[in-house]
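These protein sequence lines map, in sequence, to chains A and B. Take the first sequence: its letters are residues 0 to 123, numbered as in numbering that gives the first Met the number 0. Take the second sequence: its letters are residues 0 to 146, numbered as in numbering that gives the first Met the number 0. One structure below.
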Amino acid sequence: MITALLVALVVLGGSAGDVFITKGMKQLGEISTLNIRRLIGLFGRAITNRHFLIGVFFMAVSYFSFLGALRLADLSLVLPATSISFVITTFAARLFLKETISPIRWAGILLVCLGVALISIPQP
Amino acid sequence: MKTAAVLITAIVAQAFGDVCLTKGMKAIASLEAGSSSMSDSLSQVLHIAVQAFQSPMIWVGTLLLIVFFALFSAALSWADLSFVLPATAFGYVLNVAAGYYLLGESVSNTRWAGALIITLGVLFVSRSGQRALQAQPEKAHASGVIE
Numbered sequence: 000m001i002t003a004l005l006v007a008l009v010v011l012g013g014s015a016g017d018v019f020i021t022k023g024m025k026q027l028g029e030i031s032t033l034n035i036r037r038l039i040g041l042f043g044r045a046i047t048n049r050h051f052l053i054g055v056f057f058m059a060v061s062y063f064s065f066l067g068a069l070r071l072a073d074l075s076l077v078l079p080a081t082s083i084s085f086v087i088t089t090f091a092a093r094l095f096l097k098e099t100i101s102p103i104r105w106a107g108i109l110l111v112c113l114g115v116a117l118i119s120i121p122q123p
Numbered sequence: 000m001k002t003a004a005v006l007i008t009a010i011v012a013q014a015f016g017d018v019c020l021t022k023g024m025k026a027i028a029s030l031e032a033g034s035s036s037m038s039d040s041l042s043q044v045l046h047i048a049v050q051a052f053q054s055p056m057i058w059v060g061t062l063l064l065i066v067f068f069a070l071f072s073a074a075l076s077w078a079d080l081s082f083v084l085p086a087t088a089f090g091y092v093l094n095v096a097a098g099y100y101l102l103g104e105s106v107s108n109t110r111w112a113g114a115l116i117i118t119l120g121v122l123f124v125s126r127s128g129q130r131a132l133q134a135q136p137e138k139a140h141a142s143g144v145i146e
């Protein structure tokens with residue numbers, strides 16, 4: 000039960016992190032410079048952007064939940080279970096970032112999810 | 000094109016970062032292996048942390064993963080999350096290949112099949128990229144207005 004809760008935190012924390020980081024980066028605007036001073040400036044703006052920081056916080060929640068889950072269950076269970084995060088994050092991107100996801104992109108994401116699950120299954 | 004360049008660099012940095020971390024941590028683990036059985040007493044964890052801190056391999060690995068995260072975030076400043084995230088999943092394929100070729104790990108057929116399916120999935124996603132990228136400036140603007 001606690002394992003399931005922690006795996007859910009891994010997945011939801013990761014998705015929330017990605018969504019907030021995307022929101023923060025979109026607020027910075029498209030990065031299209033290779034000027035080192037400007038890049039340093041952008042770095043400063045990123046790490047002081049509220050959405051970006053909330054995103055990093057959720058990433059940390061996800062990571063420590065992952066470590067916690069590994070104390071209770073095998074990596075062979077935890078790692079394939081987290082592959083569902085590709086699908087969850089896509090739903091979150093559609094809902095919260097208003098991204099349009101074409102059928103071919105959906106197909107690709109489902110394939111990625113399946114492939115990551117297969118890779119994560121422990122080898123005999 | 001910019002997206003492809005940034006994401007490919009990010010993925011390669013991540014794969015090499017993971018290889019460096021694996022090499023570094025395995026070197027520490029083999030030093031530890033002789034001393035006692037694996038227990039997670041605080042002193043042991045601290046001991047490993049100190050050793051990791053002194054390993055150049057782990058520093059390089061960590062640096063490469065920071066490069067990955069910076070490029071990943073940069074790509075998110077203009078591209079869809081639902082494009083960037085599955086695209087970076089190609090890193091899993093590179094990790095499997097790097098594990099096989101650089102670290103001498105054995106890779107099962109299931110795992111190669113997974114790598115193949117991910118590659119196919121990333122190809123699909125990249126085909127959807129063009130359209131999403133064209134729609135991007137409007138979207139960035141729109142979300143700016145909502146804020």
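The C-beta atom is built at its ideal place from N, Cα and C for all residues, glycine as well. Fair warning: this is a prediction, and the values are worked out from it, not measured in the lab.
Backbone secondary structure at residue i - three-state DSSP
i               : result
V138 of chain A : Residue numbering for chain A in the displayed model covers 0 to 123; residue 138 of chain A lies beyond these limits and cannot be assessed.
K22 of chain A  : helix
F102 of chain A : Contrary to the premise, residue 102 of chain A reads as Pro rather than Phe in this sequence. Here P102 of chain A sits in helix by DSSP.
Q122 of chain A : coil
L41 of chain A  : helix
L109 of chain A : helix
G103 of chain B : coil
R126 of chain B : helix
T32 of chain A  : coil
S14 of chain A  : helix
S40 of chain B  : coil
M24 of chain B  : helix
Range of the contiguous alpha helix (DSSP H) that encloses residue i
i              : result
L70 of chain B : P55 to L75
L84 of chain B : L80 to T87
T89 of chain A : S84 to F95
L69 of chain A : R49 to L71
Inter-residue Cα distance where the pair is residue i and residue j
i               : j               : result
L69 of chain A  : L84 of chain B  : 24 angstroms
L76 of chain A  : P123 of chain A : 14 angstroms
A134 of chain B : G60 of chain B  : Note that A134 of chain B has pLDDT 46, beneath the 50 cutoff, so the model's placement of it is unreliable and no number is given.
Y99 of chain B  : V106 of chain B : 6 angstroms
K1 of chain B   : H46 of chain B  : 43 angstroms
L5 of chain A   : G67 of chain A  : 7 angstroms
A28 of chain B  : F63 of chain A  : 22 angstroms
S127 of chain B : F82 of chain B  : 8 angstroms
L38 of chain A  : A59 of chain A  : 25 angstroms
F57 of chain A  : L75 of chain B  : 17 angstroms
I1 of chain A   : V66 of chain B  : 34 angstroms
G143 of chain B : S42 of chain B  : In this prediction, G143 of chain B has a pLDDT of 39, which is less than 50 and means its spatial position is unreliable; what the coordinates show is noted afterwards. Those two C-alpha atoms are separated by around 49 angstroms.
A97 of chain B  : A26 of chain B  : 17 angstroms
F90 of chain A  : C112 of chain A : 13 angstroms
A86 of chain B  : S40 of chain B  : 39 angstroms
V147 of chain B : N34 of chain A  : The requested residue 147 of chain B does not occur in the structure, where chain B is confined to residues 0 to 146.
W111 of chain B : R36 of chain A  : 43 angstroms
L52 of chain A  : L71 of chain A  : 29 angstroms
Cβ pair residue i, residue j closer than 7 angstroms
i               : j               : result
S14 of chain A  : I87 of chain A  : yes
P79 of chain A  : S31 of chain A  : no
G142 of chain A : F15 of chain B  : Residue coverage of chain A in this structure runs from 0 to 123, which leaves residue 142 of chain A outside it and unanswerable.
F65 of chain A  : V9 of chain A   : yes
V18 of chain B  : L101 of chain B : yes
G23 of chain B  : S72 of chain B  : no
G90 of chain B  : I10 of chain B  : yes
G113 of chain B : L117 of chain A : yes
T96 of chain A  : T47 of chain A  : The question names Thr, but residue 96 of chain A in the sequence shown is Leu. No, these two residues do not count as a Cβ contact at 7 angstroms.
E29 of chain A  : D79 of chain B  : no
A51 of chain B  : I57 of chain B  : yes
T118 of chain B : V92 of chain B  : yes
I116 of chain B : G114 of chain A : yes
G16 of chain A  : G40 of chain A  : no
G23 of chain A  : S61 of chain A  : no
A3 of chain B   : L63 of chain B  : no
CB contact below 7 angstroms: residue i versus chain A
i               : result
T109 of chain B : yes
D79 of chain B  : yes
Cβ of residue i within 7 angstroms of any chain B Cβ
i               : result
R104 of chain A : yes
I100 of chain A : yes
T32 of chain A  : no
F57 of chain A  : no
V111 of chain A : yes
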